[in-house]
Amino acid sequence: MGAAEKRQYDESRHKTARSAPHAAVTPRGILVAAPLECENPREGGLSYDPFQRISLPNALARVKDERSAVRFARAYGLLGYADFLNFQWQDLTLVDRRRMFDDPLLDEGQLKELLRSLDDYGDPMPWLLAQARSVRLAMELIEAIGRKEFKAVRDVVLRHTLPHVGSDQKSRPQLLVAGGPSVKWFAPGRGLLHPDMEAMRARSAAYLIEELVNPNVASLRWQLFTPAYRGPNELEIELGFEHRALFEVVWWHVANAAFGRRPGTRVRLCELETCRAPFIVTDERQRFCPADYTYTDKRTGKTRPGRSRCAALYQKRHGGQSKTEKP
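Here the sequence shown stands for residues 6 to 332, where the numbers follow this note's numbering.
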């Protein structure tokens with residue numbers, strides 16, 4: 006086995022993620038890793054460990070349209086809708102879809118229908134945008150609860166609701182959320198929307214975060230891995246999570262932020278007025294979204310995070326930067 010083949014084998018064993026520098030949206034509304042005319046779709050892609058990328062929830066939360074979806078995929082890769090369905094096809098997993106996601110388990114017939122309806126191998130844009138909205142909703146709720154601003158919880162939910170006509174032909178504010186490969190309308194309930202239910206708002210918000218996170222991490226599982234090849238007779242068995250799709254790892258980071266009992270899991274909102282996206286704090290000096298690209302330090306040869314685009318835009322608009330800011 007050659008060096009390139011060995012490296013590719015190790016990547017598949019470790020379930021690393023890979024950026025998709027040629028990502029594009031097809032005319033049928035599917036975000037694919039590369040268009041059909043691309044001769045070498047993997048060229049220029051970078052492999053990375055998504056469990057170490059704490060910026061993933063912030064990057065997905067900022068996806069609002071096709072352009073930002075392509076930007077996300079080129080930096081981090083596809084979310085993995087088609088990959089997830091194919092893994093389900095290979096091994097029907099007993100996914101817990103309690104309460105909000107109470108549809109029956111995906112059986113062989115359902116999986117066939119979902120795969121048949123997928124025109125191109127990639128992420129359908131409606132599903133991807135629902136995932137992005139769900140991540141942003143969960144992160145904003147975590148941030149509000151962390152500040153103990155329970156009045157702000159209602160504002161967060163109202164900001165994310167959309168008018169939806171139910172079976173009784175009446176329009177009500179509901180949330181369009183994603184759980185695994187499913188997208189559903191969900192009624193937030195009185196505890197989150199009624200102005201006189203503030204005493205129950207924190208618990209209701211916690212239940213909603215639980216409903217958003219759990220279906221998206223249900224297929225993560227602990228596995229032993231043979232580590233990457235380091236040389237002959239250099240071997241240490243490693244323990245880690247096996248993920249089927251990138252969206253599972255994004256939600257794993259969100260779950261850690263919700264748990265919030267260890268350093269580096271607090272959520273803050275970007276201070277750029279036109280952004281205000283939630284991000285997980287890794288340094289108390291952070292005020293803006295983390296950078297979504299890296300560069301190689303010519304002096305040390307190490308890979309370092311780039312400059313925060315939000316911090317750069319804020320400095321351009323306001324003509325200065327706080328001494329305490331960490332881009």
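Glycine included, each C-beta is placed from N, C-alpha and C at the ideal position.
From a predicted model like this one, the values you see are computed outputs, not experimental measurements.
Counted within 10 angstroms of its Cβ, other Cβ atoms place residue i as buried (16 or more) or exposed
i      : result
Arg312 : exposed
Pro200 : exposed
Pro332 : In this predicted model, Pro332 has a pLDDT of only 46, less than 50, meaning its place in the structure is not dependable; the value taken from the coordinates is given anyway. Classification of Pro332: buried, given that the 10 Å Cβ count is 16 or more.
Val170 : exposed
Arg208 : exposed
Arg290 : exposed
Leu213 : buried
Glu203 : exposed
Arg3   : In the structure as shown, the chain begins at 6 and stops at 332. Residue 3 is therefore absent and cannot be evaluated.
Phe264 : exposed
Pro40  : exposed
Pro131 : exposed
Gly306 : exposed
Arg159 : buried
Pro186 : buried
Leu229 : exposed
Arg273 : buried
Ser224 : buried
Alpha carbon of residue i to alpha carbon of residue j, nearest angstrom
i      : j      : result
Leu65  : Leu134 : 9 angstroms
Cys315 : Arg322 : 10 angstroms
Pro220 : Val188 : 11 angstroms
Gly127 : His248 : 17 angstroms
Tyr81  : Gln174 : 41 angstroms
Pro129 : Asp54  : 24 angstroms
Leu110 : Asn91  : Here the model assigns Leu110 a pLDDT of 46, short of 50, so the residue's position is not dependable, and the following value carries that caveat. The straight-line gap from Cα to Cα measures roughly 15 angstroms.
Arg292 : Cys275 : 6 angstroms
Pro26  : Val68  : 17 angstroms
Gly194 : Glu154 : 19 angstroms
Gln179 : Lys303 : 51 angstroms
Gly324 : Ala317 : 10 angstroms
Pro295 : Gly49  : 23 angstroms
Leu83  : Arg76  : 11 angstroms
Thr166 : Glu216 : 16 angstroms
Ala29  : Asp70  : 12 angstroms
Spatially closest choice to residue i from the options, by CA coordinates
i      : options                        : result
Ile150 : Pro283, Cys43, Arg226          : Pro283
Arg382 : Arg152, Asp297, Arg159         : For the chain, the structure presents residues 6 to 332; residue 382 sits outside this window and is missing.
Arg164 : Arg281, Ala204, Leu225, Leu229 : Arg281
Tyr319 : Glu278, Arg304, Asp302         : Glu278
Leu142 : Leu119, Ala28, Leu181          : Leu181
Ala137 : Ala28, Glu253, Arg273, Thr287  : Glu253
Val161 : Arg206, Ala262, Gly184, Asp125 : Arg206
Ala192 : Phe56, Gly85, Arg177           : Arg177
Asp125 : Asn261, Ala260, Leu36          : Leu36
Arg72  : Phe56, Cys43, Tyr86, Thr31     : Thr31
Supposed close pair residue i, residue j - CB separation, criterion 8 angstroms
i      : j      : result
Leu244 : Trp227 : 7 angstroms
Val218 : Trp256 : 6 angstroms
Leu51  : Ser24  : 5 angstroms
Ile285 : Asn63  : 7 angstroms
Ala183 : Ser139 : 5 angstroms
Ala211 : Leu197 : Their Cβ separation, rounded to whole angstroms, is 11 angstroms, which puts Ala211 and Leu197 out of contact at 8 angstroms.
beta-carbon residue i near the ligand FMN non-hydrogen atom, thresh 7 angstroms
i     : result
Arg67 : By its list of ligands, the structure shown contains no ligand whatsoever, and the ligand FMN lies outside what it can speak to.
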